[in-house]
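Visitor:
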Amino acid sequence: MVEVVLETQNLTKRYGDFVAVNNLNLVLGSGQVFGLLGPNGAGKTTSILMLLGLTEPTSGFVRVLGLDPTRNPLAVKARVGYLPDQIGFYDELTARENLGYIARLNGISRPEAKRRIEAALERMGLAEVAEKRVRTFSRGMRQRLGLAELLLKQPRIIIMDEPTLGLDPEAARDFLNLIRELKNDNITVLLSSHMLHQVQAVCDRVGLFHKGVMVLEGSVPELARNVLGGAYRIHVQAESRNGDVEHALQGLPGVLAVQRPAASQYVVEAAHDLRAEAAQAVIQAGGRLAALDMAEPSLDDIYTRYFQEVQHGARN
Amino acid sequence: MALATETLRPARVREGSPWTGLWAVVAKDMADHLTSTRMRILELLIVLTAVGTVFAATENLRDTVGQDRFLFLRLFTTGQEPLPAFIGFLSFLVPLLAIGLAFDAINGEFNRRTMSRVLAQPIYRDALLLGKFLAGLFTLSLVLTAIWLLIIGMGILRLGVPPGGEEVGRLLFFLLATIFYGGIWLGVALLCSTVFRQTATAALTALAVWLFFIIFWGMLANLAARTLAPVQLGTPQEIIAQVETSQALARLSPNTLYVEATIGLLNPSTRSFGLVLPTQLQGALLGAPLPLDQSLILIWPQLTALIAITILLFALSYVIFQRQEIRA
Numbered sequence: 004m005v006e007v008v009l010e011t012q013n014l015t016k017r018y019g020d021f022v023a024v025n026n027l028n029l030v031l032g033s034g035q036v037f038g039l040l041g042p043n044g045a046g047k048t049t050s051i052l053m054l055l056g057l058t059e060p061t062s063g064f065v066r067v068l069g070l071d072p073t074r075n076p077l078a079v080k081a082r083v084g085y086l087p088d089q090i091g092f093y094d095e096l097t098a099r100e101n102l103g104y105i106a107r108l109n110g111i112s113r114p115e116a117k118r119r120i121e122a123a124l125e126r127m128g129l130a131e132v133a134e135k136r137v138r139t140f141s142r143g144m145r146q147r148l149g150l151a152e153l154l155l156k157q158p159r160i161i162i163m164d165e166p167t168l169g170l171d172p173e174a175a176r177d178f179l180n181l182i183r184e185l186k187n188d189n190i191t192v193l194l195s196s197h198m199l200h201q202v203q204a205v206c207d208r209v210g211l212f213h214k215g216v217m218v219l220e221g222s223v224p225e226l227a228r229n230v231l232g233g234a235y236r237i238h239v240q241a242e243s244r245n246g247d248v249e250h251a252l253q254g255l256p257g258v259l260a261v262q263r264p265a266a267s268q269y270v271v272e273a274a275h276d277l278r279a280e281a282a283q284a285v286i287q288a289g290g291r292l293a294a295l296d297m298a299e300p301s302l303d304d305i306y307t308r309y310f311q312e313v314q315h316g317a318r319n
Numbered sequence: 466m467a468l469a470t471e472t473l474r475p476a477r478v479r480e481g482s483p484w485t486g487l488w489a490v491v492a493k494d495m496a497d498h499l500t501s502t503r504m505r506i507l508e509l510l511i512v513l514t515a516v517g518t519v520f521a522a523t524e525n526l527r528d529t530v531g532q533d534r535f536l537f538l539r540l541f542t543t544g545q546e547p548l549p550a551f552i553g554f555l556s557f558l559v560p561l562l563a564i565g566l567a568f569d570a571i572n573g574e575f576n577r578r579t580m581s582r583v584l585a586q587p588i589y590r591d592a593l594l595l596g597k598f599l600a601g602l603f604t605l606s607l608v609l610t611a612i613w614l615l616i617i618g619m620g621i622l623r624l625g626v627p628p629g630g631e632e633v634g635r636l637l638f639f640l641l642a643t644i645f646y647g648g649i650w651l652g653v654a655l656l657c658s659t660v661f662r663q664t665a666t667a668a669l670t671a672l673a674v675w676l677f678f679i680i681f682w683g684m685l686a687n688l689a690a691r692t693l694a695p696v697q698l699g700t701p702q703e704i705i706a707q708v709e710t711s712q713a714l715a716r717l718s719p720n721t722l723y724v725e726a727t728i729g730l731l732n733p734s735t736r737s738f739g740l741v742l743p744t745q746l747q748g749a750l751l752g753a754p755l756p757l758d759q760s761l762i763l764i765w766p767q768l769t770a771l772i773a774i775t776i777l778l779f780a781l782s783y784v785i786f787q788r789q790e791i792r793a
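Right under this line is the structure:
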């Protein structure tokens, strides 16, 4: 059993009549990577600010490393690194000076700070521009400087708000690798993002926010079962002169539905893995099998399907 | 539901010192102030004014060296047409300098989007706001003290005599009053920077408040006194009542307080700022200087008011800042 590092119970934030976050229950263990998803204004940033003690909850309970962020904010903030969505630095200071300020605010001793700053700049590939003013930095460089700041603090938990927004593909890939490294160092990462395939690539679990409520929570396959009806989607590409192939696929035990998006393409939704049976059925029906593979349920599909259902009133 | 009722009650006690990180903020902000172009321009302006007015004053004072006990005080108060005295300039330049130091203190952090990052470090908001205020006040003190020393140095060089003990004492209190006069405008600017998210709005509002007090407040005090204490029969009592009301109202302005404090300190013969009735002058040597402690008693209310207003303005900014949402 992993150690629980972050826990909320019925965490709620109201602004007047507007409920920004409603009864959030969340448990994160050490070394886990958790993704917060949801449209803008769904309550992700408010939840993050409450975890850090930067906003006081209206009601509910938060424990970060066993500490209450409203009662003991200094201890919490010393152990939690935060990368805000729109990251700003002091433009007129150099990268090194910006990190130096953060080190002083954290009460890190001068020689120790110097050592950690060197290491962080080196790791984020900023050693060569350490003496340049941040004014000249690109968006990607600023993001890396933000990460260098997190590394400098050596936190137990890292919270990131939209960390990959505006990064070029290479920078985004580096960034995902860094998250995996952090996970290996047993650091817990909580990130919010709209980049669903990136979230799927690094997160152990995700939570989907809608109007202040975390409506879904779990690993991606769990969500797929929940939202997509637990279906295995098998893509079959096969030539056939008549409708025999479609018929044969439909006749297989365990098949829920067969769609035919193009003349020679079939999508089989099944309750379990039917790839071998499907191949056999196509050939027995006289079809020429060209390709067959099973699609991993993607977070994109889950997200799109969920919000379609919300719009059609199937879910609330 | 025992848990829910327990956690619904907001936490009353915060743990950890509110001053954690204070000196890091002070050091960083002071370094910013001392290297910023804005401050260099204002400092240059003040130094040029100081050199110009003191040069002109020494030209005048050279003739009276040896006859005047308070030669060094005259350095600050003597003007030569068309140049006014240095203290005349100071009551303009100090507010400008103070507003320049603080008008973007808080909203600047929001606009640069550094606020949430800084407050995510293990410090309280108290440390950030007080740090910014102290950085401004220390910078102001540093600049004013440097100019003060420059003027005295120039005086020694050009007049050829050292300042006396009482002169130095009076000048030190004058420096203190000037620093806290600046502190008031620093407080006004800090308050504006907390209330308004646009730095330009904050700067213009602070300047508008300053102009209001420097230009309009005197006129308004006069008008208000005429309504509050009208002279109907023209008796001396009525006239005195009106003048006193007008003066009391005028003293709500930091400018009046500062000007009165400087007059009391730099003109040792000042005995009162209000009307003096002939009966009160019995036995007084007209024109004879008061000793320093008597002058201090005279300006004590003004001096404490300058310090108190500074603290009040800071407290107001503090309350507003504590209630603000950090999300930019």
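These protein sequences, in sequence, are chains A and B.
Here the first sequence stands for residues 4 to 319, where the numbers follow the numbering used here.
Here the second sequence stands for residues 466 to 793, where the numbers follow the numbering used here.
Glycine included, each C-beta is placed from N, C-alpha and C at the ideal position.
No experiment lies behind these values; they were computed from the predicted model shown.
(1) Along the segment 580-595 of chain B, where does the CB come closer than 9 Å to a CB of chain A? Name the residues.
(2) In chain order, which continuous runs of the beta strand (DSSP E) of length 3 or greater are located wholly inside the segment 270-307 of chain A?
(3) From B:L651, B:I616, B:Q545 and B:L607, pick the residue whose C-alpha is nearest to that of A521 of chain B; which is it?
(4) Could you have a look at Y93 of chain A and say whether DSSP puts it in helix, strand or coil?
(5) Determine whether the Cβ of T485 of chain B lies closer than 8 Å to any Cβ atom of chain A.
(6) Would you mind stating whether I237 of chain A and L302 of chain A have Cβ atoms separated by less than 8 Å?
(7) For T470 of chain B, count neighbouring Cβ atoms within 10 angstroms of its own Cβ and tell me buried if that reaches 16, exposed if not.
(8) Less than 8 Å between the beta carbons of L102 of chain A and F64 of chain A, yes or no?
(9) Out of B:A690, B:I791, B:L714 and B:M619, state which residue places its alpha-carbon closest to the alpha-carbon of T518 of chain B.
(10) Chain A partners of K493 of chain B, CB-CB under 7 Å?
(11) I'd like to confirm the pairing. Which residues does DSSP put opposite S734 of chain B in its beta bridges?
(12) Check whether the Cβ atoms of T643 of chain B and V559 of chain B lie closer than 8 Å to each other.
(13) Restricting to runs no shorter than 3 residues, where is the beta strand (DSSP E) found entirely within the segment 65-127 of chain A?
(14) Under 8 Å: do the segment 530-544 of chain B and the segment 728-742 of chain B share three or more Cβ pairs, one atom per stretch?
(15) Does any residue of chain A bring its CB to less than 8 Å from the CB of I791 of chain B?
(16) Please list, in chain order, the residues of the segment 596-626 of chain B that have any C-beta partner in chain A closer than 8 Å.
(17) Can you find at least 3 beta carbon pairs, one from the segment 102-117 of chain A and one from the segment 155-169 of chain A, that sit closer than 8 Å?
(18) Out of curiosity, what's the CA-to-CA distance linking R74 of chain A and E480 of chain B?
(19) Between the beta-carbon of G143 of chain A and the beta-carbon of L179 of chain A, is there less than 8 Å?
(20) Three-state secondary structure (DSSP) at H498 of chain B?
(21) Taking Q240 of chain A as part of the beta strand (DSSP E), name the residues at either end of that continuous run.
(22) Check the Cβ-Cβ distances between R147 of chain A and every residue of chain B, and say whether any is below 8 Å.
(23) Taking contact to mean at least 3 C-beta pairs separated by less than 8 Å, is the segment 667-677 of chain B in contact with the segment 639-658 of chain B?
(24) Tell me, to the nearest whole angstrom, how far the beta carbon of G634 of chain B is from that of L487 of chain B; I am working on the premise that it is less than 8 Å.
(25) Using DSSP's beta-bridge definition, name the partner residues of Y18 of chain A.
(26) Could you tell me which chain B residues have their CB closer than 8 Å to the CB of Y309 of chain A, listed as they occur along the chain?
(27) 8 Å is my cut-off, CB to CB: does D20 of chain A come that close to chain B?
(28) Beta-carbon within less than 7 Å of E6 of chain A's beta-carbon, same chain only, minus the 5 sequence neighbours each way: which residues are those?
(29) Buried or exposed, going by whether 16 or more other CB atoms sit within 10 Å of the CB of V285 of chain A?
(30) What residue range does the alpha helix (DSSP H) around H200 of chain A cover?
(31) Nearest chain A C-beta to L489 of chain B closer than 8 Å, yes or no?
(32) By the 8 Å beta-carbon criterion, what residues does the segment 87-111 of chain A contribute toward chain B?
(33) Taking Q201 of chain A as the reference, give the member of A:K214, A:D188 and A:I182 with the closest Cα.
(34) With Q767 of chain B as the anchor, note down where its beta strand (DSSP E) starts and where it stops.
(35) If you run the structure through DSSP and keep just helix, strand and coil, what is A260 of chain A?
(36) Who are the Cβ neighbours of V583 of chain B in its own chain at under 8 Å, not counting the five residues just before and after it?
Guide: Working from what's here:
(1) Flagged, chain order: M580, S581, R582, V583, L584, A585, Q586, P587, I588, Y589 and A592.
(2) 291-298
(3) For the purposes of this step, residue 521 of chain B is identified with residue 56 of the second sequence, where counting begins at 1. That would be B:Q545, whose Cα lies nearest to the Cα of A521 of chain B.
(4) Taking the first sequence and counting its residues from 1, the one referred to as residue 93 of chain A is at position 90. Reduced to three states, the DSSP call for Y93 of chain A is coil.
(5) Along the second sequence, read from residue 1 onward, the residue named residue 485 of chain B stands at position 20. It does: the Cβ of T485 of chain B has a partner Cβ on chain A nearer than 8 Å.
(6) Numbered from its first residue, the first sequence carries residue 237 of chain A at position 234. Numbered from its first residue, the first sequence carries residue 302 of chain A at position 299. Cβ distance not < 8 Å, so I237 of chain A and L302 of chain A don't count as in contact.
(7) Residue numbering aside, residue 470 of chain B sits at position 5 when the second sequence is read from its first letter. Reliability of the predicted coordinates at T470 of chain B is poor, the pLDDT of 42 falling under 50, and no value is obtained from them.
(8) In the first sequence, the residue the question calls residue 102 of chain A occupies position 99. In the first sequence, the residue the question calls residue 64 of chain A occupies position 61. No.
(9) Residue mapping note: residue 518 of chain B aligns to position 53 of the second sequence, counting from 1. Nearest C-alpha to T518 of chain B: B:M619.
(10) Indexing the second sequence from 1 puts residue 493 of chain B at position 28. Within chain A, the residues near K493 of chain B are Y104.
(11) What you label residue 734 of chain B is simply residue 269 of the second sequence in a count that begins at 1. As computed with DSSP, S734 of chain B is found in no beta bridge at all.
(12) Here residue 643 of chain B refers to the residue found at position 178 when the second sequence is read from its first residue. Here residue 559 of chain B refers to the residue found at position 94 when the second sequence is read from its first residue. For T643 of chain B and V559 of chain B, yes; Cβs fall inside 8 Å.
(13) 83-86
(14) yes
(15) For the purposes of this step, residue 791 of chain B is identified with residue 326 of the second sequence, where counting begins at 1. Chain A contact via Cβ: present.
(16) none
(17) yes
(18) If you number the first sequence from 1, residue 74 of chain A lands on position 71. If you number the second sequence from 1, residue 480 of chain B lands on position 15. Whole-angstrom Cα-Cα distance: 6 Å.
(19) Numbered from 1 along the first sequence, position 140 holds the residue referred to as residue 143 of chain A. Numbered from 1 along the first sequence, position 176 holds the residue referred to as residue 179 of chain A. Against a cut-off of 8 Å, the Cβ pair of L179 of chain A and G143 of chain A comes out as no contact.
(20) By one-based count along the second sequence, residue 498 of chain B stands at place 33. Looking at H498 of chain B - three-state DSSP - the assignment turns out to be helix.
(21) Numbered from 1 along the first sequence, position 237 holds the residue referred to as residue 240 of chain A. Q240 of chain A -> beta strand (DSSP E) spans Y235 to E242.
(22) Translated into the one-based positions of the first sequence, residue 147 of chain A becomes position 144. No, because no Cβ of chain B sits closer than 8 Å to the Cβ of R147 of chain A.
(23) yes
(24) Taking the second sequence and counting its residues from 1, the one referred to as residue 634 of chain B is at position 169. Taking the second sequence and counting its residues from 1, the one referred to as residue 487 of chain B is at position 22. Contact flag wrong, Cβ pair sits at about 32 Å.
(25) Numbered from 1 along the first sequence, position 15 holds the residue referred to as residue 18 of chain A. Answer by DSSP bridge pairing, in chain order: A:F21.
(26) Position 306 of the first sequence, counted from the start, is the residue given in the question as residue 309 of chain A. Correct list: empty, because the minimum Cβ distance to chain B is about 26 Å.
(27) Against the first sequence, residue 20 of chain A aligns to sequence position 17. Answer no: the Cβ-Cβ gap between D20 of chain A and chain B never drops below 8 Å.
(28) Here residue 6 of chain A refers to the residue found at position 3 when the first sequence is read from its first residue. G32 and S33.
(29) In the first sequence, the residue the question calls residue 285 of chain A occupies position 282. Classification for V285 of chain A: buried.
(30) Within the first sequence, residue 200 of chain A is the residue found at index 197, counting from 1. H200 of chain A -> alpha helix (DSSP H) spans L199 to V205.
(31) Mapped onto the second sequence, residue 489 of chain B falls at position 24. Sequence inspection shows Ala at residue 489 of chain B; the Leu mentioned does not correspond to that position. Yes, because at least one Cβ of chain A sits closer than 8 Å to the Cβ of A489 of chain B.
(32) P87, Q89, I90, G91, F92, Y93, D94, E95, Y104, I105, R107, L108, N109 and G110
(33) Sequence index remark: in the first sequence, residue 201 of chain A carries index 198 (1-based). Comparing Cα positions, the closest option is A:I182.
(34) By one-based count along the second sequence, residue 767 of chain B stands at place 302. For Q767 of chain B, no beta strand (DSSP E) encloses it; the enclosing alpha helix (DSSP H) starts and ends at L757 to R788.
(35) Within the first sequence, residue 260 of chain A is the residue found at index 257, counting from 1. Here A260 of chain A sits in strand by DSSP.
(36) Mapped onto the second sequence, residue 583 of chain B falls at position 118. Excluding sequence neighbours, V583 of chain B sits near E574 and L593.
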